[in-house]
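One structure is given below, encoded as structure tokens.
2 protein chains.
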Amino acid sequence: MRTLKHPERADMRLDTVLAALADPIRRHIACRLNENHHDHACVTFELPVSKSTATYHFRTLREAGVIRQEYQGTSIMNSLRKEDLDARFPGLLDAVFAAQRIEGGTAVNTPAAG
Amino acid sequence: MRTLKHPERADMRLDTVLAALADPIRRHIACRLNENHHDHACVTFELPVSKSTATYHFRTLREAGVIRQEYQGTSIMNSLRKEDLDARFPGLLDAVFAAQRIEGGTAVNTPAAG
DNA sequence: CTCGTACTTCGATATTTACCGTACTACCAA
DNA sequence: TTGGTAGTACGGTAAATATCGAAGTACGAG
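Those protein sequences? They're chains A and B, same order as listed.
Read in order, the letters of the first sequence correspond to residues 1 to 114 in this note's numbering.
Read in order, the letters of the second sequence correspond to residues 1001 to 1114 in this note's numbering.
Here it is in structure tokens:
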């Protein structure tokens, strides 16, 4: 079974988390995982970038500690590390999601939506 | 009198604000302005970068809407746009500052401190 | 008017980031 | 075992970012 490396709670860095959430595509992924509480395969996000670029963004989020990625067969199930983030940086994630809602929804034009 | 351009509340973008706060030097500036409530000239920050780089970071913060910069003679008085930010993205600034305190203080080694 | 201070602007550079396509791996199902 | 699906790794590129030093501007003090 393939496993992916995730930072411990204590190893999450504010720099990295903020940089991860500063990108609209990555914020879009995080917001969606926050809204739809069950896990999602990468492929279901329909991002406006190529597959390899999507991998890059998911990896950036995972390495920052924002999401958890676990193989399930050939897919990866993504979930938001909300409890860990809330423990490490209380209120940060909620403030970002609230801000995103205020600013106007999706943060990104998915190819399906455009 | 020289004046500098600041975005209106409504024009503040989450992308830009998060990117501004993702950099440790800029977050250090913002944190200091939050702690010491009166204004500060750029020169008082003793950042570990050259003067022109400092200008660049202050400008980035100003253009994101995080700080206000107003000339006072040959100096610039910097202040945090806390009310505006709180109105636009409630809780975001406080969450970032709290996270910074949790992670361990200064976010940056000033040359004086190192 | 001259000088020093505080900051900006410009041009250059190094590094990082976002992005792509191709080739690859791992797994499941037939 | 053959094929399809989901995602990774790699090599490359374009753009953005962070950095510097040198030269310039604006202002107050003397």
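Using N, Cα and C, we set each Cβ at its ideal position, and we do this for glycine too.
What residues of chain B sit near residue i, judged by a beta carbon separation below 7 Å?
| i | result |
| --- | --- |
| D15(A) | A1022 and P1024 |
| A19(A) | A1022 |
Which residues bound the alpha helix (DSSP H) around residue i?
| i | result |
| --- | --- |
| L1080(B) | Per DSSP, L1080(B) belongs to no alpha helix (DSSP H); it is in the beta strand (DSSP E), S1075 to L1080. |
| R1002(B) | Premise fails: R1002(B) is in no alpha helix (DSSP H) and is neither H nor E. |
| R101(A) | L92 to E103 |
| E35(A) | P24 to E35 |
For residue i, which residues in chain A fall below 9 Å Cβ to Cβ?
| i | result |
| --- | --- |
| A1030(B) | The premise fails here: A1030(B) is roughly 12 Å from chain A at the closest Cβ pair, so nothing lies under 9 Å. |
For residue i, I'd like the list of residues in its chain whose CB is within less than 7 Å of its CB, leaving aside the five on either flank, ordered along the chain.
| i | result |
| --- | --- |
| D1084(B) | R1009 and G1065 |
| A1041(B) | S1075, I1076 and M1077 |
| L4(A) | R62 and Q69 |
| A1087(B) | R1009 |
| S1050(B) | none |
| A112(A) | Because the pLDDT at A112(A) is just 44, under 50, the model does not fix this residue reliably, and the value given afterwards should be weighed accordingly. Here the set comprises E46. |
List the residues of chain A whose Cβ lies closer than 8 Å to the Cβ of residue i, in chain order.
| i | result |
| --- | --- |
| G1000(B) | Given that chain B is displayed from residue 1001 to residue 1114, the structure contains no residue 1000(B) and the question cannot be resolved. |
Based on the DSSP secondary-structure assignment, which residues constitute the bridge partners of residue i?
| i | result |
| --- | --- |
| H40(A) | N78(A) |
| R1068(B) | S1079(B) |
Check the Cβ of residue i against every Cβ in chain B and list those closer than 8 Å, keeping chain order.
| i | result |
| --- | --- |
| Q69(A) | The contacting residues do not exist; Q69(A) stays about 22 Å from chain B at best. |
Quick one: residues in its chain with C-beta nearer than 6 Å to the C-beta of residue i, no 5 flanking neighbours on either side, listed in chain order?
| i | result |
| --- | --- |
| L21(A) | R27 and V96 |
| L14(A) | none |
| Y71(A) | R2 |
| N1034(B) | L1080 and F1097 |
With a threshold of 8 Å on Cβ separation, who are the neighbours of residue i within its own chain once the five nearest residues in sequence on each side are excluded?
| i | result |
| --- | --- |
| I67(A) | I29, A30, L33, F58, L61, N78, S79, L80 and R81 |
| V1043(B) | S1075 |
Legend entry - chain B contacts from the stretch 75-104 of chain A (Cβ-Cβ distance under 9 Å): Cβ contacts with chain B come from R88, F89, P90, G91, L92, L93, D94, A95, V96, A98, A99, Q100, I102 and E103.
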